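Numbering follows the UniProt record's numbering, with no gaps: position 3 of the sequence shown is 3.
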Amino acid sequence: MTEQRRIDGKRLIVATHNNGKLREFYFLLGGLSIELVSAGDLGLPVPVEDGQTFVENARIKALAAARAAGEVALADDSGLCVEALDGRPGVYTADWAGPNRDWSMAMRLVEEELYKAGATTPEQRKGTFVSLLCLAWPDGHTQEYLGKRDGTLVWPPRSGDFGHGYDPVFMPDGETRTFGEMTEAEKHGSIWGPPGPLSHRSRSLKLLVEGAFPIGFGPQG
């Protein structure tokens, strides 16, 4: 069995230049004794994500940051997998937004593809948000944690003052609002207690904290 390591819980490099994703990490892990430093803050280069799976791309980003900084690094590769589109956009979720990350364009493209596929009823418009976290050490050791949240794709987009990416068109199962209409607390829940982790990213982070942070680490740690 592959060795499972734990970090010291003092500092963690977050291998992302995505401000929306970084905000979610700060929200979910903020207020703790650990210091979060982004790859953008350190001026680390953005590696080429040429993997074919969420695991491969997360490893690329985490290992690049860990080796460049000489510290443990965390990367997330996440995406929207739509059943009627055979899992697309999947690992290419961000690419559908183009080089300028135009998420309105990306959401329209998903809707156009659903229309072409004849997906008109809620049952035909099912999708899953995936968050694959990779924790990497400078020596090349990695550990992965997977979180998912199922839901339905809606149109037109519905957004309040929150959310990013495809959130305005994703209505999680059991809800009547999209991720874009929810506050961060409503979208993510809590990795420490009730109501528990609700979003794909909070679920993967809960697994990471339980498996790789110091024993007993938490809000009171």
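The C-beta atom is built at its ideal place from N, Cα and C for all residues, glycine as well.
Everything numeric in this text was worked out from a predicted model, so none of it was measured.
If I measure Cβ to Cβ from residue i and keep anything under 6 Å in the same chain, skipping five residues before and after, which residues do I get?
i: L85; result: E113
i: A97; result: W103 and A106
i: A64; result: P47
i: residue 224; result: No answer is possible for residue 224: the residues shown for the chain start at 1 and end at 221.
Return yes when the Cβ of residue j is within less than 8 Å of the Cβ of residue i, no when it is not.
i: L44; j: L133; result: no
i: D167; j: D150; result: no
i: I191; j: S199; result: no
i: E94; j: D76; result: The sequence shown places Ala at residue 94, not Glu. It is not a contact, given that the beta carbons lie outside the stated cut-off.
i: F25; j: L32; result: no
i: V91; j: Q52; result: yes
i: L74; j: A15; result: yes
i: G9; j: F162; result: no
i: A66; j: P138; result: yes
i: I34; j: E49; result: no
For the beta strand (DSSP E) containing residue i, name the first residue and the last one.
i: A117; result: First-last for A117: undefined, no H or E at that position.
i: R203; result: Looking at the DSSP string, R203 is not in any beta strand (DSSP E); the run it does join, the alpha helix (DSSP H), is H200 to A212.
i: E35; result: E35 to S38
For residue i, which residues in the same chain have their Cβ closer than 8 Å to its Cβ, ignoring the five residues on either side in sequence?
i: residue 233; result: The shown model of the chain, from 1 to 221, leaves out residue 233, and the question about it has no answer.
i: I7; result: V72, L135, A212, F213 and P214
i: S159; result: D167, P168, T178, G180 and E181
i: G127; result: L80, C81, V82, E83, D150, G151, T152, L153 and F170
i: H188; result: E24, F27, L28, P197, L198, S199, R201 and S202
i: A62; result: A15, A73, L74, A75, C134, L135, A136 and T142
i: G70; result: P138
i: P194; result: none
Check residue i in the structure and name its three-state DSSP category.
i: V82; result: strand
i: Q4; result: coil
i: Q220; result: The predicted position of Q220 is uncertain, since its pLDDT is 49 and thus under 50; no value can be drawn from it.
i: V55; result: helix
i: S131; result: strand
i: G9; result: coil
i: M171; result: strand
i: V154; result: coil
i: V46; result: coil
i: P138; result: coil
i: V110; result: helix
i: A94; result: coil
i: E144; result: strand
i: L63; result: helix
i: P122; result: helix
i: A69; result: helix
Starting from residue i, follow the alpha helix (DSSP H) in both directions and report where the run begins and ends.
i: Y26; result: N19 to L29
i: G87; result: No alpha helix (DSSP H) contains G87, which DSSP labels as neither H nor E.
i: A185; result: E184 to H188
Heavy atom of the ligand ZN less than 7 Å from the Cβ of residue i, yes or no?
i: T16; result: Only the bare structure without any ligand can be found here, which leaves the ligand ZN out of the picture.
Kindly indicate if chain B contains any beta-carbon less than 8 Å away from that of residue i.
i: E24; result: Here there is only one protein chain, and chain B is not present.
Identify the residues that DSSP records as bridge partners of residue i: which are they?
i: A15; result: Bridge partners of A15: none, in fact.
By Cβ distance below 7 Å, which residues in the same chain neighbour residue i in space, the five residues on each side in sequence not counted?
i: L208; result: L133, L135 and Y145
i: H17; result: A39, G40 and V46
i: G20; result: H164 and G165
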